[in-house]
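Residue numbers (the working numbering): -2 to 161. Only one structure is covered here, and it is reproduced in the block below.
Set out below in structure tokens:
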């Protein structure tokens, strides 16, 4: 079995293709894959990585099960549209947010609190009963306090106040 995992954020995308039978894996990085910031660019970067990794491994993407955690996948319309365009390339497909893949990846599904600060920001908690709670992660236009884009905006804002 082949597993393609993709972590797509506002600044970069990491992808890994793993042969579960042998443990051999290939990994690559590309530009952003935020469905909110630039949907077309996100899909382009994901397809670029998928095609390249499958070519390196000598397989068709139809042989792989893909699990993707993408910024913006919490938006139902973007989730549906991305799923419709991506799922057809794989034997199996699961799309969720990059926050949720961080939550489950950080402690292998055990109770945990994760604070992710990248281009954006989000905090998620997983309780022993499987309950999830998210704070933030709504994007730069609404919040993302503490994320790189927000910090950059605040720095420029402060500089301009000093200039004025």
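Using N, Cα and C, we set each Cβ at its ideal position, and we do this for glycine too.
Cβ separation of residue i and residue j, assumed to be a contact under 8 Å, to the nearest whole Å
| i | j | result |
| --- | --- | --- |
| residue 83 | residue 43 | 7 Å |
| residue 50 | residue 1 | 7 Å |
| residue 60 | residue 88 | 6 Å |
| residue 95 | residue 68 | 5 Å |
| residue 120 | residue 109 | So it is not a contact: roughly 11 Å between Cβ atoms. |
| residue 40 | residue 103 | Their Cβ separation, rounded to whole angstroms, is 27 Å, which puts residue 40 and residue 103 out of contact at 8 Å. |
Simplified DSSP state of residue i, which is helix, strand or coil
| i | result |
| --- | --- |
| residue 72 | coil |
| residue 161 | coil |
| residue 95 | helix |
| residue 81 | helix |
| residue 133 | strand |
| residue 5 | strand |
| residue 120 | strand |
| residue 100 | helix |
| residue 156 | helix |
| residue 89 | strand |
| residue 127 | coil |
| residue 106 | coil |
Cβ pair residue i, residue j closer than 7 Å
| i | j | result |
| --- | --- | --- |
| residue 112 | residue 99 | no |
| residue 70 | residue 46 | no |
| residue 54 | residue 90 | no |
| residue 66 | residue 30 | no |
| residue 9 | residue 25 | no |
| residue 117 | residue 28 | no |
| residue 76 | residue 58 | no |
Paired residues, beta bridge with residue i - DSSP
| i | result |
| --- | --- |
| residue 61 | -1 |
| residue 67 | 5 and 94 |
N- and C-terminal bounds of the alpha helix (DSSP H) containing residue i
| i | result |
| --- | --- |
| residue 42 | 36 to 54 |
First and last residue of the uninterrupted beta strand (DSSP E) at residue i
| i | result |
| --- | --- |
| residue 15 | 10 to 16 |
| residue 26 | 22 to 27 |
| residue 113 | 109 to 114 |
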